[in-house]
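Counting from 1, one number per residue, gives the positions in the sequence shown under this note's numbering.
This report refers to the structure that appears directly beneath it.
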Amino acid sequence: EEEEEEEINVKIEDVIIKDKAKGKKSKAAAKAGSSKYQWGIMKSLGLSDEEIVKFSEAEHWLDYFPPLAIQDLKRMGLKVDWRRSFITTDVNPYYDSFVRWQFLTLRERSKIKFGKRYTIYSPKDGQPCMDHDRQTGEGVGPQEYTLIKLKVLDPYPSKLSGLKGKNIFLVAATLRPETMFGQTNCWVRPDMKYIGFETVNGDIFICTQRAARNMSYQGFTKHNGVVPVVKELMGEEILGASLSAPLASNKVIYVLPMLTIKEDKGTGVVTSVPSDSPDDFAALRDLKKKQALRTKYGIRDDMVLPFEPVPIIEIPGFGNLSAVTICDALKVQSQNDREKLAEAKEKLYLKGFYDGVMLVDGFKGQKVQDVKKTIQKNMIDTGDAFIYMEPEKQVMSRSSDECVVALCDQWYLDYGEENWKKQTSQCLKGLETFCEETRRNFEATLDWLQEHACSRTYGLGTRLPWDEQWLIESLSDSTIYMAFYTVAHLLQGGNLRGQAESPLGIRPQQMTKEVWDYVFFKEAPFPKTQIPKEKLDQLKQEFEFWYPVDLRVSGKDLVPNHLSYYLYNHVAMWPEQSDKWPTAVRANGHLLLNSEKMSKSTGNFLTLTQAIDKFSADGMRLALADAGDTVEDANFVEAMADAGILRLYTWVEWVKEMVANWDSLRSGPASTFNDRVFASEMNAGIIKTDQNYEKMMFKEALKTGFFEFQAAKDKYRELAIEGMHRDLVFRFIEVQTLLLAPFCPHLCEHIWTLLGKPDSIMNAAWPLAGPVDEALIRSSQYLMEVAHDLRLRLKNYMMPAKGKKTDKQPPQKPSHCTIYVAKNYPSWQHTTLSVLRNHFEANSGKLPDNKVIASELGNLPELKKYMKKVMPFVAMIKENLEKMGPRVLDLQLEFDEQAVLMENIVYLTNSLELEHIEVKFASEAEDKIREDCCPGKPLNVFRTEPGVAVSLVNPQPSNGHFSTKIEIRQGDNRDSIIRRLMKMDRGIKDLSKVKLMRFDDPLLGPRRVPVLGKEHTGKTPISEHAVFHVDLMSKKIHLTENGLGADIGDTIVYLVH
1 EEEEEEEINV
11 KIEDVIIKDK
21 AKGKKSKAAA
31 KAGSSKYQWG
41 IMKSLGLSDE
51 EIVKFSEAEH
61 WLDYFPPLAI
71 QDLKRMGLKV
81 DWRRSFITTD
91 VNPYYDSFVR
101 WQFLTLRERS
111 KIKFGKRYTI
121 YSPKDGQPCM
131 DHDRQTGEGV
141 GPQEYTLIKL
151 KVLDPYPSKL
161 SGLKGKNIFL
171 VAATLRPETM
181 FGQTNCWVRP
191 DMKYIGFETV
201 NGDIFICTQR
211 AARNMSYQGF
221 TKHNGVVPVV
231 KELMGEEILG
241 ASLSAPLASN
251 KVIYVLPMLT
261 IKEDKGTGVV
271 TSVPSDSPDD
281 FAALRDLKKK
291 QALRTKYGIR
301 DDMVLPFEPV
311 PIIEIPGFGN
321 LSAVTICDAL
331 KVQSQNDREK
341 LAEAKEKLYL
351 KGFYDGVMLV
361 DGFKGQKVQD
371 VKKTIQKNMI
381 DTGDAFIYME
391 PEKQVMSRSS
401 DECVVALCDQ
411 WYLDYGEENW
421 KKQTSQCLKG
431 LETFCEETRR
441 NFEATLDWLQ
451 EHACSRTYGL
461 GTRLPWDEQW
471 LIESLSDSTI
481 YMAFYTVAHL
491 LQGGNLRGQA
501 ESPLGIRPQQ
511 MTKEVWDYVF
521 FKEAPFPKTQ
531 IPKEKLDQLK
541 QEFEFWYPVD
551 LRVSGKDLVP
561 NHLSYYLYNH
571 VAMWPEQSDK
581 WPTAVRANGH
591 LLLNSEKMSK
601 STGNFLTLTQ
611 AIDKFSADGM
621 RLALADAGDT
631 VEDANFVEAM
641 ADAGILRLYT
651 WVEWVKEMVA
661 NWDSLRSGPA
671 STFNDRVFAS
681 EMNAGIIKTD
691 QNYEKMMFKE
701 ALKTGFFEFQ
711 AAKDKYRELA
721 IEGMHRDLVF
731 RFIEVQTLLL
741 APFCPHLCEH
751 IWTLLGKPDS
761 IMNAAWPLAG
771 PVDEALIRSS
781 QYLMEVAHDL
791 RLRLKNYMMP
801 AKGKKTDKQP
811 PQKPSHCTIY
821 VAKNYPSWQH
831 TTLSVLRNHF
841 EANSGKLPDN
851 KVIASELGNL
861 PELKKYMKKV
871 MPFVAMIKEN
881 LEKMGPRVLD
891 LQLEFDEQAV
901 LMENIVYLTN
911 SLELEHIEVK
921 FASEAEDKIR
931 EDCCPGKPLN
941 VFRTEPGVAV
951 SLVNPQPSNG
961 HFSTKIEIRQ
971 GDNRDSIIRR
981 LMKMDRGIKD
991 LSKVKLMRFD
1001 DPLLGPRRVP
1011 VLGKEHTGKT
1021 PISEHAVFHV
1031 DLMSKKIHLT
1041 ENGLGADIGD
1051 TIVYLVH
């Protein structure tokens, strides 16, 4: 939440009563925009002044927002049983009764206690400030310090002379009481404001005003929250003062200047231990080395120069003066080397705590971590120190009050209790979190979570049933409300406030603790009540049917509080029924807009209803699904939403086209190569998408269930030269619609109607996957890779040859191609793969370093002449091994390359715009191809077959077909000529509709004027068995058919029927 601090600091005008009813994220709204007042913020949301005034009444929030939220969520297409919705305050008497039952049960089971405890507290609000009540600092807890009393000795500095006779102490807050044996001085910041205030026993403490304010709420002063200031002073006014420091070997130490002390942390007074603190050592060394610095602040040499670091702790690797060692090692020059000092502390402190061994009398030889608390307790017992608390980081309440840590009388949930914690850990073990980061966050929370205050003095909520001066705070009264969902519709009659007539005729006051026990606890006896047993059994049955909670979805920021309390409370309420414990929690990140944080002030802002207006409900839902998975912040991209709408539109139009053209789609057996691939890819898509939905990976589900699914259809449409199969097309449409329905329900309902389905898609069964032939799918991927490689090679083939001359012509476009496939790897690759496979199997599925492999392969005589090729080949295999798994080490492919290419030869020929492609084995090729061609990586040779041009004439009137020139090549037949024609004349779709004819008199025939209706006169049809022979020398073409020959001349006639 800290990144939000720079946006705005919310001020609340006195006219507005501070309100506790706002939802979890309303603080984001409160800080958005340039308005500094809640009034201005609400005006920017479109509210009039007359409406805004009503929000000064807390209950108005309850009536105003829920209907708007329901309206927006309905527009979004959310599927919700709204009868079960309710308001979670005492305005709903049924829910109020439910919460009272929960807390009475928790108290009975000793989960709730009362007493003084440290808690984050808002002085302005006069009550604890829980996470939901905070403007900033959510998740921040109290930080414990040891407050060290450093007694000011005579003579007092002149600024303190008026307090003569009083015990005056500079109080330093430390996290390391075990280092107090090594104190050499005390630090204050010369330009910082300090105060002296009177404590409860009459002593004077000197510290910052902020620290004194915290102390005043922790019993340090006579009156809670009142700081009796007796002196205001600047740090420079007490420099040079002599002090007595507890546990220090130096009897007298002095107050010295440190320029880097922060006012927002600790007390502004820092006790100095240069042996173990890099900051202290650097600052003390600055003063020792710089006479001018001492002179500037009036520090005498005897206050600094005699004081050396005192060895108190031995740390392995750093010796007994660890700060000196690390500062020398990192070459820290002064106290201003902030980055190096931060690195020094990071290296030192944890190692010091876990591995440090004490050197001082009384604790010699003991580990720091074992004696830290003992030393702290001893100092407190002797009156030399106190426990002091302040917030870990700044916390601002919603009323713009900086919070303190206060010692309050409170009812609290004892989440630190060992058995409760242990049982909740057991619950966590069986919990599906969908993401390891979420699980780790839960585990960390269970480690540190202790007491949580569950009561406050005002706001909205339910009163504690045994102590009605207290309200139950909002993170505590909403931990098991899911149980209330199961029965809400039968109690409150669809009314959010629970003030309509109950469908079962049950009144709120009848819902006693014993009644709730009977409903929710399996073994509870039937209570003494006026409610008929069958009605309570109906409630009980609803609960038993629905529970446990299969899935809870919430923000990742709620894992350390609300979601952890959710686990704790379910365990506490159903300790013996683990089948009622939550089964899954999915934590979400926050939502970015176009890769940036949403902010009204920058204009990068979009509400739910604005997004629906702009992109439609389904367009918005599609972009939300694509925004991201896991606990990372999701990114709603408007360009993606726009593109998504176009995709959806294109999809609907294609479905309409298929429905309209149902008759023209291919029928019969769906048995071609591409039919079988498409069927397998659909089945694989169903399985992958189903798995992604199960894992709550919606971006991945959209990828596999829409983007990749559509790509499979597009590929099928491109490859199926014989036309798409009707059954497969409509199977695809149906499956695609079902897979997309969770994201785009409105559009999918429309498509379901287009398909003529009688019922709603919401009642349809989820698609079942048939068998998946992975090898077949991989063979199809192989085909696409080969086609892609051939296109690239053809492009390179057509590039002009490189050279000095700039007028070189590009090569003539090839007409033919020979593709060479290898049955086996060349001998050098076969040997290399065999070695790699042996290593892979011997090393549990891992390959050794390249040095090891190169050394072994280099010693094989059969590879000597190929070593330049061997290691690049190894690198390629290693890369493919990561992508595709162990099958890349196989010596043969799992499918027949030649058969795959031959079955798709028409597609390859057309896509490359060639006349003819043949597929041969590499063993039939020249040496270079034989050596380089390997399974899965075919090579090819392009060539241009010479030919003789003839005129192709169409004599049919007004049919849109024209005369053209065409090349006839050696060995052409009728169909190859027609295919060549079809590439030139896109109006011809079907080869069988074209008829070729030759003139009986090749010389005079073309010169005669054609007669309408007598196009066949003087011509002979060319049959499918005819073969063309080309004489390149004489530029003549002959035709042979059934052993007879004929001269073609320079013209062929074609008719299109």
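Quick reminder that beta carbons are idealized off the backbone N, C-alpha and C, glycines included.
Computed from a predicted structure; not experimentally measured.
Opening and closing residue of the alpha helix (DSSP H) in which residue i lies
i     : result
K983  : 974-984
C748  : 745-754
K868  : 867-884
I853  : 850-858
L348  : 338-355
R285  : 278-289
P1021 : Counting along the chain, P1021 falls outside any alpha helix (DSSP H), though it belongs to the beta strand (DSSP E) covering 1019-1021.
Whether residue i touches residue j by CB criterion (8 Å)
i    : j     : result
V80  : E59   : no
A323 : D280  : yes
Q394 : D264  : yes
M997 : I1022 : yes
A720 : F895  : no
F636 : L592  : yes
T512 : P548  : no
K113 : Y412  : yes
F543 : K533  : no
Own chain partners of residue i with C-beta closer than 8 Å, once the 5 adjacent residues on each side are dropped
i     : result
S855  : none
T602  : E596
N1042 : H1025
Distance, residue j Cα to residue i Cα
i     : j     : result
G139  : E632  : 18 Å
P957  : Y1054 : 13 Å
C207  : P128  : 24 Å
L170  : E392  : 22 Å
A925  : T909  : 21 Å
Q987  : N824  : Before going further, note that residue 987 is Gly rather than Gln in the sequence given. About 44 Å.
E339  : Q183  : 24 Å
P1010 : D1000 : 14 Å
G319  : K289  : 24 Å
K222  : G202  : 9 Å
Y907  : G723  : 12 Å
P886  : T650  : 40 Å
L239  : D191  : 11 Å
L147  : R439  : 36 Å
Buried or exposed (CB count within 10 angstroms, at least 16 for buried), residue i
i    : result
A711 : exposed
S680 : buried
A292 : exposed
S844 : exposed
L106 : buried
Q691 : exposed
S834 : exposed
The beta strand (DSSP E) enclosing residue i, as first and last residue numbers
i    : result
S780 : Element bounds for S780: not the beta strand (DSSP E) but the alpha helix (DSSP H), 774-797.
C327 : C327 -> not in any beta strand (DSSP E); alpha helix (DSSP H) instead, spanning 322-329.
C408 : 404-414
N185 : 185-188
F386 : 385-391
Nonlocal neighbours in the same chain, by C-beta distance under 7 Å from residue i, ignoring five residues either side
i    : result
D355 : I315, P316
S780 : V677
N674 : Y716, L719, A720
Chain-order list of residues whose beta-carbon lies under 6 Å from that of residue i (same chain, five-residue window excluded)
i    : result
L428 : F442
S476 : C454
E346 : none
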